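Numbering (the numbering used here), first residue to last: 926 to 1038.
Cβ atoms here follow ideal geometry from the backbone N, Cα and C, with glycine treated the same way.
Just so we're clear, the structure is a prediction, and the values are computed from it rather than from any experiment.
Here's the structure we're looking at; comments come further down.
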Ligand SMILES: [Zn+2]
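Written out as C-alpha cells, the structure is:
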C-alpha cells in the first residue's frame, strides 16, 4: 500500500496552507504550514484533510485562546490592584490573579505534552 502525500499537499494548498522553505528535518521532504502547524505530509501519517482538521484543532487552538484571554484578564487585574485602596477588594483581586496564573501555567504545560 502506497500513500499519496502529493494529493494531500494539493488539497492543503487549496485550503490556504503555505509551503515552507525548509525541508522536513526527518525525511527531507516538503513541509507545509497549516493553521500555525508545521506538517510533513509523509511523517504526519495524515492522509486526508478531515484527519488533519481533527488533529490540528482541539488542543492548540483552544488552549492558546484560553491563555490569551487569561493573560489579558490578568493584566487588567494587575492594573486594578495597583490603584485599589480597599484591602478587602485588593485581596479579592490578588486571589483571582493567582487563579488566572494557575490556569495559564496549566494550559501551557498541557500544550507541551
Ligand atoms: Zn517528513
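Option nearest residue i by Cα separation, candidates the options
| i | options | result |
| --- | --- | --- |
| residue 998 | 1028, 946, 957 | 1028 |
| residue 996 | 960, 940, 1031 | 1031 |
| residue 945 | 965, 1013, 1000 | 965 |
| residue 1026 | 1009, 1003, 1007 | 1003 |
| residue 1001 | 1021, 1010, 1011 | 1021 |
Bridge-paired residues (DSSP) for residue i
| i | result |
| --- | --- |
| residue 972 | Its beta-bridge partners do not exist; DSSP assigns none. |
| residue 944 | 957 |
Own chain residues within Cβ distance below 8 Å of residue i, not counting five before or after
| i | result |
| --- | --- |
| residue 909 | Since the first residue shown for the chain is 926 and the last is 1038, residue 909 is missing from the structure and cannot be characterised. |
Range covered by the beta strand (DSSP E) that runs through residue i
| i | result |
| --- | --- |
| residue 963 | 962-964 |
Delimiting residues of the alpha helix (DSSP H) encompassing residue i
| i | result |
| --- | --- |
| residue 956 | Run containing residue 956: none; DSSP gives neither H nor E here. |
| residue 989 | 987-1008 |
| residue 936 | 930-939 |
| residue 1019 | 1012-1036 |
Contacting residues, own chain, Cβ-Cβ under 7 Å from residue i (five flanking each side not counted)
| i | result |
| --- | --- |
| residue 936 | 974 |
| residue 993 | none |
Contacts around residue i, its chain only, beta-carbon distance under 6 Å, and the 5 residues preceding and following it disregarded
| i | result |
| --- | --- |
| residue 1023 | none |
| residue 963 | 956 |
- Closer than 6 Å: residues whose CB approaches a heavy atom of ligand 1: 949, 951, 952, 954, 965, 967, 968
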